[in-house]
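>
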Amino acid sequence: MHRTRLFFSLLLLFTACGPSTESEPATDSIPSVKLALNWFPEAQHGGYYAAQLRGLYREAGVNVEILGGGPDAPVVQRVATGQVAFGLTNADGVINARAAGAPIVALFAPYQINPRCLVVHESSGITAIEELADVTLALSQRPAFSHFLRKRYPFRNVTVVPYHGSVTPFLEDSRYAMQGYVFSEPVVARRLGADARALMVADTGFNPYASALIASEATVRERPELVEAVVAASRLGWSQYLQRPLETNEHIHGLNPEMDMEILEAGVELSRDLVLDEVAQQYGIGHMSHERWQLLVEQMVEAGVVEVDQVAVEDCYTLRFLSPGL
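Letter by letter, the sequence shown follows residues 166 to 491 of our numbering.
#1: In whole angstroms, what separates the C-alpha of H418 from that of P319?
#2: According to DSSP, simplified to helix, strand and coil, what is N255?
#3: With DSSP run on the structure shown, which of helix, strand or coil describes H286?
#4: Which word fits K316, buried or exposed, when buried means at least 16 other C-beta atoms lie within 10 angstroms of its C-beta?
#5: Kindly indicate which three-state DSSP category G183 falls into: helix, strand or coil?
#6: What's the gap between the Cα of S331 and the Cα of A445?
#7: Is the CB-CB distance between L221 and A398 below 8 Å?
#8: Measuring only the C-alpha atoms, how far is V229 from R223?
#9: Would you say the region 352–362 touches the region 248–262, given that touching needs at least three Cβ pairs under 8 Å?
#10: Suppose only complete runs of 3+ residues qualify. What are the beta strand (DSSP E) ranges in the region 331–390, listed by chain order?
#11: Taking N255 and A377 to be in contact with their CB atoms under 8 Å, please state how far apart those CB atoms are, rounded to whole angstroms.
#12: Helix, strand or coil for E230? Go by DSSP, reduced to three states.
#13: Would you report the Cα separation of V395 and A225, rounded to the nearest angstrom?
#14: Take A477 and list the residues in its own chain whose beta-carbon comes closer than 6 Å to its own, dropping the five residues that flank it on each side.
#15: Answer with buried or exposed for E275, where buried requires no fewer than 16 other C-beta atoms within 10 angstroms of its C-beta.
#16: For Q405, I'd like the list of residues in its chain whose CB is within less than 6 Å of its CB, leaving aside the five on either flank, ordered along the chain.
#17: Buried or exposed: which applies to H210, given that a residue is buried once 16 or more other Cβ atoms fall within 10 Å of its Cβ?
#18: Check each candidate in A238, S289, V198 and W204 and name the one with the smallest Cα separation from G247.
#19: Who are the near neighbours of L439 in its chain, counting only those whose CB is closer than 7 Å to its CB and skipping five residues on each side?
#20: Please identify the residue among E463, L441 and Y374 whose C-alpha is closest to the C-alpha of V270.
#21: Determine whether the beta carbon atoms of L302 and T369 lie at a separation below 8 Å.
#22: Is it buried or exposed, T192, if we count other Cβ atoms within 10 angstroms and call 16 or more buried?
#23: Exposed or buried, what is E189 when buried is set at 16 or more other beta-carbons lying within 10 Å of its beta-carbon?
#24: So, with DSSP's three-state summary, where would you put Y276?
#25: Ordered along the chain, which non-local residues of its own chain (more than five positions away) have a Cβ less than 7 Å from that of V392?
#26: Candidates L253, S311 and L232: which alpha carbon is nearest A367's?
#27: In the DSSP assignment, the beta strand (DSSP E) including A303 goes from what residue to what residue?
#28: Comparing alpha-carbon positions, which option in F371, L460 and E382 lies nearest G266?
#29: Return the chain-ordered ranges of every alpha helix (DSSP H) run that is complete within the region 425–490 and spans a minimum of 4 residues.
#30: Comparing C-alpha positions only, which one of A245, L336 and Y341 sits nearest to P327?
#31: Would DSSP call V325 helix, strand or coil?
#32: Inspect the beta-carbon positions of G234 and A208 and report whether they are closer than 8 Å.
As structure tokens, this is what we get:
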């Protein structure tokens, strides 16, 4: 048994033997649940915050408390063990989790195009990821995009260091590169005077759905009405956020002052193209396809992150709660 699978198995067993930490129905008879973010509050979470601020969750019959995240936030573990009912992760995070024995399911995925990028200085002359050379690269060691890139590209004379979520080293070193989200790190770096260039990871063909709403199999099985309510309200929240983001951006700025209003507005502009692509326009925001999931599993096998036949694609996601449109 793999060490990660053993870890998840023990964690799940421990949780099953103890009381659930997810909140029970509130005194006003509307159930209250927690949604754990995968990062500090920013534009990638705008639709979920919009659903909260605009009362869409309450209108759907549920109170949702949104919990901020950060680097290496243990969202998957918290969802799998019932500490929270819902969480956000990318599609590759779902596959990693299932390979490790965590029974989580993707319900809704607003970002059709993954916002992940590598940020370099324009002065480096690097214009594509395959050209990356002679730099220090701050990169998460969490699977799978970093593993895919390092397997696919030579990265000549590249020193890989841990990524801690700060743009400061990038500002101080013209030969420094870092991972980021296209509407976050490069925008912040430019605001602070750096000549930042964003190289989209999706352009390499590695394009997991992003900011996907996840729940455990148990929650999906035992509380389908709750799941349906949260998915529907989240979907509507994303539609409204992309149309009228001001109030939500003000709230996000209050939670994360590093994301000022100009940065957040830039994030919304960039997100519109990443969320409202041709697929979303045809099938609705958050749609997922079996073909995309299948390709991602194959890419993760290629990168050595998961083994052949270790993950059943159909177990990774469900379209049960996604009605056509919106």
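Glycine residues also receive a C-beta, built at the ideal position from the N, C-alpha and C atoms.
Once the coordinates are examined:
#1: For this step, residue 418 is matched to residue 253 along the sequence shown. For this step, residue 319 is matched to residue 154 along the sequence shown. Roughly 39 Å between the two C-alpha positions.
#2: If you number the sequence shown from 1, residue 255 lands on position 90. Coil.
#3: Within the sequence shown, the letter at position 121 stands for residue 286. Note: H286 maps to strand in three-state DSSP.
#4: Taking the sequence shown and counting its residues from 1, the one referred to as residue 316 is at position 151. Around the Cβ of K316, a 10 Å sphere holds fewer than 16 other Cβ atoms; the residue is exposed.
#5: Within the sequence shown, the letter at position 18 stands for residue 183. Residue confidence is low: G183 scores 39 on pLDDT, short of 50, so the model does not pin down where it sits. No coordinate-derived value is stated.
#6: In the sequence shown, residue 331 corresponds to position 166, counting from 1. In the sequence shown, residue 445 corresponds to position 280, counting from 1. C-alpha separation (whole angstroms): 32 Å.
#7: As a working mapping, residue 221 is identified with position 56 in the sequence shown. As a working mapping, residue 398 is identified with position 233 in the sequence shown. Closer than 8 Å, so yes.
#8: Sequence index remark: in the sequence shown, residue 229 carries index 64 (1-based). Sequence index remark: in the sequence shown, residue 223 carries index 58 (1-based). Distance between the alpha carbons of V229 and R223: 8 Å.
#9: The region 352–362, when compared against the region 248–262, does not touch it at the 8 Å Cβ threshold.
#10: Scanning the region 331–390 from its first residue to its last, the whole beta strand (DSSP E) runs of 3-plus residues come out as 341–346, 361–365 and 377–381.
#11: In the sequence shown, counting from the first residue as 1, residue 255 sits at position 90. In the sequence shown, counting from the first residue as 1, residue 377 sits at position 212. Their Cβ separation, rounded to whole angstroms, is 6 Å, which keeps N255 and A377 in contact under 8 Å.
#12: Within the sequence shown, the letter at position 65 stands for residue 230. Correct three-state label for E230: strand.
#13: Working through the sequence shown from its first residue, we reach residue 395 at position 230. Working through the sequence shown from its first residue, we reach residue 225 at position 60. Taken atom to atom, the span from the alpha-carbon of V395 to that of A225 is near 7 Å.
#14: As a first step, residue 477 must be located in the sequence shown, where it is residue number 312. Excluding five sequence positions before and after A477, none of the CB atoms of its chain fall closer than 6 Å to its own CB.
#15: Taking the first residue of the sequence shown as 1, we reach residue 275 at position 110. What sits at residue 275 in the sequence shown is Pro, not Glu. Buried, since its Cβ has 16 or more Cβ neighbours within 10 Å.
#16: As a working note, residue 405 is residue 240 in the sequence shown. Excluding sequence positions up to five before and after Q405, its CB lies within less than 6 Å of the CB of A215, all in the same chain and listed in chain order.
#17: Within the sequence shown, numbered from 1, the residue matching residue 210 stands at position 45. For H210, the number of other beta carbons within 10 angstroms of its own is at least 16, and it is reported as buried.
#18: The residue given as residue 247 occupies position 82 in the sequence shown. From the listed residues A238, S289, V198 and W204, the smallest Cα separation to G247 is found for V198.
#19: Along the sequence shown, one-based indexing puts residue 439 at 274. Excluding sequence positions up to five before and after L439, its CB lies within less than 7 Å of the CB of Y276, Q277, I278 and P280, all in the same chain and listed in chain order.
#20: For the purposes of this step, residue 270 is taken as residue 105 along the sequence shown, with counting starting at 1. For V270, the nearest C-alpha among the options comes from Y374.
#21: The residue given as residue 302 occupies position 137 in the sequence shown. The residue given as residue 369 occupies position 204 in the sequence shown. Cβ distance not < 8 Å, so L302 and T369 don't count as in contact.
#22: In the sequence shown, residue 192 corresponds to position 27, counting from 1. Bear in mind that a pLDDT of 43 at T192, under 50, signals an unreliable position, so the number given afterwards is only what the model happens to contain. T192 comes out exposed.
#23: As a first step, residue 189 must be located in the sequence shown, where it is residue number 24. Low local confidence applies: a pLDDT of 46 at E189 is under 50, so the model's placement there is unreliable, and no value is given.
#24: In the sequence shown, residue 276 corresponds to position 111, counting from 1. Of the three classes helix, strand and coil, the one that applies to Y276 here is strand, per DSSP.
#25: On the sequence shown, position 227 is the one that residue 392 refers to. Cβ neighbours of V392 beyond the five flanking positions: L272, A380, T384, V385 and F486.
#26: Counting from 1 along the sequence shown, the entry for residue 367 is found at position 202. For the residues L253, S311 and L232, the minimum Cα distance to A367 belongs to S311.
#27: Numbered from its first residue, the sequence shown carries residue 303 at position 138. Per DSSP, A303 belongs to the beta strand (DSSP E) from T301 to A303.
#28: In the sequence shown, residue 266 corresponds to position 101, counting from 1. Taking each of F371, L460 and E382 in turn and checking the Cα distance to G266, the smallest one comes out for E382.
#29: Every unbroken stretch of the alpha helix (DSSP H) spanning 4 or more residues and falling wholly within the region 425–490 is given here in chain order: 426–440, 443–448 and 455–467.
#30: In the sequence shown, residue 327 corresponds to position 162, counting from 1. Considering only alpha carbons, the answer is Y341.
#31: Start at 1 with the first residue of the sequence shown, and residue 325 comes out as number 160. Of the three classes helix, strand and coil, the one that applies to V325 here is strand, per DSSP.
#32: Along the sequence shown, read from residue 1 onward, the residue named residue 234 stands at position 69. Along the sequence shown, read from residue 1 onward, the residue named residue 208 stands at position 43. Taking 8 Å as the Cβ cut-off, G234 and A208 do not qualify as a contacting pair.
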